[in-house]
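Everything in the sequence shown is counted per this note's numbering, starting at 4 for the first residue and increasing by one.
Where a beta carbon is used, it is the ideal one built from N, C-alpha and C, also for glycine.
Quick caveat: nothing in here was measured; it's all calculated off a predicted structure.
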Amino acid sequence: MFKLAKKVPTTTWSSQDPMSLKPRLPTLVILVLGEFIFGLGDSLLIAAGIGNTPWTVLAEGISYSIETTIGEATFLVSAAVLILWIPLREMPGIGTILNAIIIAWTIHVMVPILPSPESQMMAIFMAALGIVLVGIGSGLYLTSNLGPGPRDGWMTGLQRKTGIPIGRVRAAIEIAVVLVGWFLGGTVGLGTVAFALTIGPVVAICLGIAGRIGQVTEAKGD
4 MFKLAKKVPT
14 TTWSSQDPMS
24 LKPRLPTLVI
34 LVLGEFIFGL
44 GDSLLIAAGI
54 GNTPWTVLAE
64 GISYSIETTI
74 GEATFLVSAA
84 VLILWIPLRE
94 MPGIGTILNA
104 IIIAWTIHVM
114 VPILPSPESQ
124 MMAIFMAALG
134 IVLVGIGSGL
144 YLTSNLGPGP
154 RDGWMTGLQR
164 KTGIPIGRVR
174 AAIEIAVVLV
184 GWFLGGTVGL
194 GTVAFALTIG
204 PVVAICLGIA
214 GRIGQVTEAK
224 GD
């Protein structure tokens with residue numbers, strides 16, 4: 004049931020062409036749903052107040068510096084990262100653009116209306132639920148195969164150009180953005196550490212489940 008996927012599986016809703024500008028409706032629905040769930044999970048981590056994801060630490064720090072909302076800062080970070088794709092000659096897909104818009108919009112809308120935790124246990128629960136939702140959202144939008152998110156595309160582009168193992172590239176990027184975000188006033192704490200330690204396995208589990216659901220659906224269709 005909870006077997007970890009070693010790669011992004013191909014499902015019945017996966018696009019055959021990552022660069023397609025006219026994806027099938029089920030593919031687009033899965034993409035949008037996944038990115039909304041991802042944004043909701045990120046919002047719960049922010050509302051918990053015990054430490055954000057690495058990139059949200061940066062976005063929160065920037066939001067304080069330029070006096071904007073964390074959702075708007077999240078979009079600005081995504082746009083800036085997309086500019087960094089240019090020297091790497093990476094090509095964004097429709098999923099890349101929607102990733103930047105939908106996740107930022109969800110954070111912008113949800114963070115102000117989510118309740119603040121009344122206890123440390125509630126904060127931990129909200130952070131844990133947020134991590135699970137980020138994993139579920141990732142499993143959905145990645146299997147849609149309509150292009151990586153801005154940050155993932157930058158990471159894989161750097162790996163391709165430098166030849167440095169992907170794990171080291173990701174670690175270096177996320178440590179750097181956490182340090183810059185923390186310096187600017189972003190929230191670093193238990194949630195940040197928990198996310199860093201658990202998000203890999205959680206996403207792998209969700210990808211495995213998505214792959215099995217896709218296979219079951221395909222079998223029924225035959």
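* What is the rounded straight-line gap between the Cα of residue 110 and the Cα of residue 46? -> The C-alpha of residue 46 is placed about 5 Å away from the C-alpha of residue 110.
* To do: Would you kindly work out how many angstroms separate the C-alpha atoms of residue 107 and residue 50, rounded to a whole number?
  => So the two alpha carbons sit approximately 15 Å from each other.
* Rounded separation between residue 16 and residue 83 - CA only -> Between residue 16 and residue 83, the C-alpha separation is close to 30 Å.
* **Contact with chain C by residue 88, beta-carbon distance below 8 Å** => Absent from the structure is chain C; it holds one protein chain and no more.
* Asked: Does DSSP put residue 75 in a helix, in a strand, or in coil?
  -> Residue 75 sits in a helix when the DSSP states are folded into three classes.
* Might you give, ordered along the chain, the residues of its own chain that have their beta carbon closer than 6 Å to the beta carbon of residue 81, omitting 5 neighbours on each side? => The residues 103, 153, in chain order, have a CB closer than 6 Å to that of residue 81 in the same chain once the five nearest residues on each side in sequence are set aside.
* To do: Name the residue from 129, 145, 113 whose alpha carbon lies nearest to the alpha carbon of residue 120.
  => The candidate whose alpha carbon is nearest that of residue 120 is 129.
* Applying the criterion that 16 or more other CB atoms from any shown protein chain within 10 Å of the CB defines a buried residue, is residue 166 buried or exposed? -> So residue 166 ends up on the exposed side.
* To do: Kindly indicate which three-state DSSP category residue 119 falls into: helix, strand or coil?
  => Residue 119: coil per DSSP, three-state reduction.
* Would a C-beta distance cut-off of 8 Å place residue 147 and residue 30 closer than the cut-off? -> In this structure, residue 30 lies closer than 8 Å to residue 147 by Cβ.
* Answer yes if the region 59-67 comes into contact with the region 173-193, meaning at least three C-beta pairs across the two stretches below 8 Å, and no otherwise. => Judged by Cβ distances under 8 Å, the region 173-193 makes contact with the region 59-67, as three or more pairs qualify.
* Thinking C-beta only, is residue 214 closer than 8 Å to residue 12? -> Yes. Within cutoff.
* **Anticipated Cβ contact below 8 Å, residue 180 with residue 135, distance rounded** => Actually they do not touch by this definition, with Cβ atoms about 22 Å apart.
* Asked: In three-state DSSP terms, what is residue 154?
  -> Residue 154: helix per DSSP, three-state reduction.
* To do: Would you give the residue range spanned by the alpha helix (DSSP H) that residue 113 belongs to?
  => Boundaries of the alpha helix (DSSP H) harbouring residue 113: 97-113, taken from the DSSP string.
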